[in-house]
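Single-structure report; data block below.
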């Protein structure tokens, strides 16, 4: 996968920029004298971003019963408005924003209705081919991750997930969220601290063992 | 490079792969999404008629969950369905009118990236039936999306207004089928063309001409192999062939379909059309 780098995070560390678009990146530049390429097809966008949309829904706290509809909703919007975009970078930023917004509203809706992740490890532990022990372990990991991320407030959680799990730069996150770069950088620092504290808290509570 | 401490880093590494979708997730959601797109493509002209025809009878065969968007999506337009009862391929609709799910999200997400975040949340409406909808209730004479007002600085306002103009165009005369209308649409995408073919096959089945439906789908298949709705087209063709009493071939195709796609949400329809005895 081709990687591009952005100017970096708040510490000046280069971070991967919009990694999900990397396979399309070589087509961003049109040969001299030719018109720039148009927006990607819906199929391309779907293939590139489906996994991102799915896992981000989960990491932003959308319970499993709502994930299908939330992801579907994202791509319905994409399909309807794809032709309005002239550049892939703008589309990607916009898609990140849609995913975040859909996730936040789905989560709130689920909270209001008291809908949460299922208790059944076989349902929760997603992986299809694992054995019972692996599935149980995996389900416990999913629960623990949800608890830890759930300890972050919404703003921190979004920034943390996009920065750490998706490896987006602060600048990309700021663009996607429509926030000031400094605000996002500050929020990310606070989110990391909160994450560390939440890990320590749940580790103590659950006797979580590393490896 | 992350700034996490050792414990945070260890936890992060141990959990970073836990939320990846499986192949089953991909297939399931893809089927739902394509079905929703198919239905949305039919919204301008076909949906109203289809809603009147099938309201209350269509159960989404793609396994729509009774989740967060259940009300919005089912209530709007959904699912490329193979309806066993009629043996026809339907662009199925559920309750409600041709609203556009997701308009509320568009209203928020459509602002220029890099500008201040929208302060208005998508209108998430609780429905009396317990469902919810992201889109506001369709305004009289217009869809929910049409009711959204482009904001200043919205780079999509121009394009959206064009899209609205297209979607709010008067419906075609009754004698023009939805398939024909879709087939004439300029610059149709691959999915749109495929949907048009499915719809044309549906029209043929409705008209009691399953052989024509088979022909339409075969014609499409000949020039568009490996496309997005391949599974749906395969199922539709098998159902049509069984209706047309192309017995041995269609039964063999049905068996192969069920064998190769044991988890297909369309399997039940194929079974019903090809293997269950019909009433007198």
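Chains as they are written, first to last, in our numbering: chain A, 437 to 647; chain B, 10 to 289. Using N, Cα and C, we set each Cβ at its ideal position, and we do this for glycine too.
Is any non-hydrogen atom of the ligand PLP found closer than 7 Å to the C-beta of residue i, if you look at the structure I gave you?
i, result
"residue 579 of chain A", "Ligands are entirely absent from the displayed structure, and the ligand PLP is therefore not among its contents."
For residue i, which option in the options has the closest C-alpha, if you only look at C-alpha atoms?
i, options, result
"residue 495 of chain A", "B:24, B:279, B:233 and B:277", "B:24"
"residue 582 of chain A", "A:480, A:571, A:527 and A:631", "A:631"
"residue 485 of chain A", "A:502, A:533, A:498 and A:501", "A:533"
"residue 590 of chain A", "A:493, A:567, A:480 and A:482", "A:493"
"residue 204 of chain B", "B:240, B:212, B:47 and B:35", "B:47"
"residue 239 of chain B", "B:273, B:277, B:253 and B:212", "B:273"
"residue 553 of chain A", "A:628, A:487, A:503 and A:622", "A:503"
"residue 490 of chain A", "B:22, B:44 and B:30", "B:30"
"residue 245 of chain B", "B:268, B:277 and B:19", "B:277"
"residue 507 of chain A", "A:546, A:482 and A:517", "A:482"
"residue 488 of chain A", "A:598, A:521 and A:622", "A:598"
"residue 249 of chain B", "B:35, B:208, B:37 and B:20", "B:208"
"residue 586 of chain A", "A:627, A:621 and A:602", "A:627"
"residue 21 of chain B", "A:520, A:622, A:603 and A:499", "A:603"
"residue 634 of chain A", "A:584, A:611, A:518 and A:571", "A:584"
"residue 574 of chain A", "B:19, B:26 and B:211", "B:26"
"residue 535 of chain A", "A:596, A:510 and A:588", "A:510"
"residue 241 of chain B", "B:44, B:34 and B:269", "B:44"
"residue 206 of chain B", "B:225, B:220, B:221 and B:219", "B:225"
Out of curiosity, what's the CA-to-CA distance linking residue i and residue j?
i, j, result
"residue 577 of chain A", "residue 531 of chain A", "28 Å"
"residue 53 of chain B", "residue 544 of chain A", "Confidence at residue 53 of chain B is low in this model, with a pLDDT of 38, below 50, so its placement is unreliable and no value can be given for it."
"residue 515 of chain A", "residue 478 of chain A", "6 Å"
"residue 513 of chain A", "residue 42 of chain B", "11 Å"
"residue 223 of chain B", "residue 253 of chain B", "8 Å"
"residue 202 of chain B", "residue 233 of chain B", "10 Å"
"residue 409 of chain A", "residue 28 of chain B", "Residue 409 of chain A lies beyond the range of chain A shown here (437 to 647); nothing can be said about it."
"residue 280 of chain B", "residue 217 of chain B", "20 Å"
"residue 538 of chain A", "residue 497 of chain A", "11 Å"
"residue 526 of chain A", "residue 600 of chain A", "22 Å"
"residue 227 of chain B", "residue 259 of chain B", "13 Å"
"residue 271 of chain B", "residue 40 of chain B", "15 Å"
"residue 283 of chain B", "residue 501 of chain A", "33 Å"
"residue 550 of chain A", "residue 542 of chain A", "12 Å"
"residue 36 of chain B", "residue 265 of chain B", "19 Å"
"residue 629 of chain A", "residue 529 of chain A", "26 Å"
"residue 187 of chain B", "residue 229 of chain B", "Note that residue 187 of chain B has pLDDT 40, beneath the 50 cutoff, so the model's placement of it is unreliable and the number below is only indicative. Cα to Cα, residue 187 of chain B sits roughly 17 Å from residue 229 of chain B."
"residue 505 of chain A", "residue 231 of chain B", "33 Å"
"residue 622 of chain A", "residue 611 of chain A", "15 Å"
"residue 162 of chain B", "residue 567 of chain A", "Unreliable placement is indicated for residue 162 of chain B, whose pLDDT of 31 sits below 50; the coordinate value is still reported in the next sentence. Each residue's Cα considered, the two are about 53 Å apart."
"residue 285 of chain B", "residue 251 of chain B", "11 Å"
"residue 521 of chain A", "residue 211 of chain B", "33 Å"
"residue 625 of chain A", "residue 517 of chain A", "35 Å"
"residue 596 of chain A", "residue 19 of chain B", "16 Å"
"residue 648 of chain A", "residue 572 of chain A", "Given that chain A is displayed from residue 437 to residue 647, the structure contains no residue 648 of chain A and the question cannot be resolved."
"residue 247 of chain B", "residue 32 of chain B", "25 Å"
"residue 77 of chain B", "residue 593 of chain A", "With a pLDDT of only 37 at residue 77 of chain B, under 50, the local geometry of the prediction cannot be trusted, and the value read off the model is given with reservation. For residue 77 of chain B and residue 593 of chain A, the distance between alpha carbons rounds to 21 Å."
"residue 262 of chain B", "residue 214 of chain B", "19 Å"
"residue 519 of chain A", "residue 243 of chain B", "29 Å"
"residue 547 of chain A", "residue 220 of chain B", "51 Å"
Tell me which residue opens and which closes the alpha helix (DSSP H) that residue i is part of.
i, result
"residue 489 of chain A", "478 to 495"
"residue 226 of chain B", "219 to 232"
"residue 587 of chain A", "No alpha helix (DSSP H) contains residue 587 of chain A, which DSSP labels as neither H nor E."
"residue 243 of chain B", "239 to 252"
"residue 19 of chain B", "15 to 24"
"residue 612 of chain A", "606 to 613"
"residue 511 of chain A", "500 to 517"
"residue 276 of chain B", "276 to 283"
Counting beta carbon pairs with one atom in the region 633 to 641 of chain A and one in the region 602 to 616 of chain A, are three or more of them shorter than 8 Å?
By the C-beta criterion, the region 602 to 616 of chain A is judged not to be in contact with the region 633 to 641 of chain A, since fewer than 3 inter-stretch pairs fall below 8 Å.
- Would the region 610 to 622 of chain A and the region 10 to 20 of chain B be scored as touching if the rule is three or more Cβ pairs under 8 Å? In the pairwise beta carbon analysis, the region 610 to 622 of chain A is classified as not touching the region 10 to 20 of chain B: fewer than three pairs are separated by under 8 Å.
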